[in-house]
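Comments concern the structure below.
Numbering (UniProt numbering), first residue to last: 1 to 146.
Below, the structure written as structure tokens:
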């Protein structure tokens, strides 16, 4: 059996609406929203009494998706380190290609994004940066310049 595709990346957030606003500002679109609970949810994630709200976000080309989830029960657990650095083990970051990195940073700052380091240029090809978004999510941006 062959792998068909990567379907989505799931991210647990503290405030679903704030995360949806952030990723909408970035240019993603809400594909669907749902309340998730019941036996199937408990079985799928291996927790008892799951009750959560999710928003499925998609990139404009329709190929990339993020599933944002806010857990109401059981309560979400912190990762143990507030604002872990980019070299922390585990899911590293989500990267997006953008047309104008400076404009994107300015728009996302209105949604609480914080620039980590600075915008760096890789040779004559890309401008790149890392931002910390809602719930401490690391988001990388890349602007192709040639």
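Even glycine gets a Cβ: it sits at the ideal position worked out from N, Cα and C.
Discussion item. Excluding the 5 residues flanking residue 58 on each side, which residues of the same chain have their C-beta closer than 6 angstroms to its C-beta?
Written reply: 29, 31, 65
Item to complete: With distances taken Cα to Cα, identify the nearest neighbour of residue 120 among 144, 85, 134.
Response: Residue 120 has its Cα closest to that of 144, out of 144, 85, 134.
Practice prompt. Determine the DSSP secondary structure at residue 137, reduced to helix, strand or coil.
Written response: Three-state result, residue 137: coil.
Worksheet item: Which word fits residue 78, buried or exposed, when buried means at least 16 other C-beta atoms lie within 10 angstroms of its C-beta?
Response: exposed
Discussion item. Between 27, 1, 16, which has its C-alpha nearest residue 105's C-alpha?
Written reply: 27
Worksheet item: So what's residue 53 in DSSP terms, helix, strand or just coil?
Response: Strand, per DSSP.
Fill in: Proximity to residue 11 [Cα-Cα], best of 139, 52, 68
68
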